[in-house]
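A quick write-up on the structure given underneath.
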Amino acid sequence: MDDLDPVLVAKFQKMLKILEYHLWAANTHLNIWQALMSSPGKLRLCHTYTGFFYWTRDAHIDRLVIKICVATDDRDKDQPSIHKLLRLAKRHPKLAETLDTSAIESKLTQISTELKAILDVRDQRSGHWDMKKDPPLPNAEDIKKVLAILGEIYNDIYNAHHPPPPKVDFPFPQGFSIPQEMTLSPRHLTPLDKEGTTHTDYVMNVLIKAHPHLKETKGE
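Each residue of the sequence shown is one higher than the one before, starting from 143 at the first, in this note's numbering.
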C-alpha cells in the first residue's frame with residue numbers, strides 16, 4: 143500500500159470511518175427501538191406517555207432507515223456507500239489486497255430484496271411521503287438481516303485494508319509472551335449488546351418503578 147497515492151488512501155479510510163459511524167448508528171437506533179417495546183411494562187409506559195414515547199419510537203425507526211440507506215444507496219455519487227468503497231477497491235486492488243469483491247457482491251445480492259424494501263420506506267415514508275398510496279412500513283426482521291450482513295461486509299473491507307500483522311518467526315526467550323495491549327487482531331463491527339449499552343432499559347425501568355401501576359406483573 144506504500145506506493146498508493148496518500149490522498150487516495152486517506153479518502154478510502156475516511157469513507158470507511160463514515161460507513162462505520164452510520165452502521166453503528168443504525169444498530170443503536172434498532173436496539174433502542176426494540177427496547178422500547180421489549181416488555182408489557184415498557185409498552186404500558188409508552189402508551190401512558192405517548193407525547194414522548196410515540197415520537198421517540200417514530201424518530202428512531204426513521205433514523206434507522208435513513209442510516210441504512212446512507213450506507214447502501216448508490217444513487218448519490220457523493221455518498222460514502224459500500225458500493226463506492228467496492229469500486230475503489232476494484233480500481234486500486236492494493237487498497238484491500240485480500241478482499242474478495244465477488245463475495246461482497248454476493249452478500250449484497252442476498253439482501254437486495256430487503257434493501258429495496260428499506261429504500262422504499264425511506265423514499266415513501268421516512269424521507270418523503272407518498273400521497274399516491276399507503277407508504278410501506280418497516281419490517282424489523284428485514285432490518286436485522288440487513289444489518290447483520292452489512293456488518294460482515296464492513297468487517298471484510300476493514301480487515302482487508304488493515305490486515306493483522308504477520309507472525310514473528312524469530313525465537314523469543316523461554317516464557318516470554320507479548321502483552322495483551324500490544325497484540326493486534328482484525329476489526330469486528332458488531333451490534334451493540336442488550337446489556338444497557340444504550341441505557342434505554344435502565345431509563346425505562348427507573349420510570350416504571352416510579353409509577354407502580356406500570357410495573358410488570360407475574361406471568362408477563
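All residues carry an ideal CB built from backbone N, CA and C; glycine is no exception. Please read all numbers here as calculations on a predicted model, not as lab measurements.
In the pairwise beta carbon analysis, the region 285–305 is classified as touching the region 235–250: at least three pairs are separated by under 8 angstroms. With the rule of 3 Cβ pairs closer than 8 angstroms, the region 263–273 does not count as touching the region 179–186. In the structure shown, P278 falls within a coil segment according to DSSP collapsed to helix, strand and coil.
In this structure, the alpha-carbon of H303 lies about 32 angstroms from that of D204. Remark: C-beta atoms of P222 and I291 do not approach each other more closely than 8 angstroms. Secondary structure note for A213: its alpha helix (DSSP H) is the uninterrupted segment 192–214.
Around the beta carbon of H164, 16 or more other beta carbons lie within 10 angstroms, which makes this residue buried. Separation of the CB atoms of I208 and T342 is rounded to 20 angstroms, and the pair is thereby denied contact status at 8 angstroms. Taking 8 angstroms as the upper bound for CB-CB distance, L257 and T214 are in contact here, some 6 angstroms apart. Nearest Cα to T255 within the set K275, K274, E283: E283.
Annotation for S248: the continuous alpha helix (DSSP H) segment containing it runs 243–252. In this structure the region 223–233 lies against the region 152–159, because at least three pairs of beta carbons, one per stretch, are closer than 8 angstroms.
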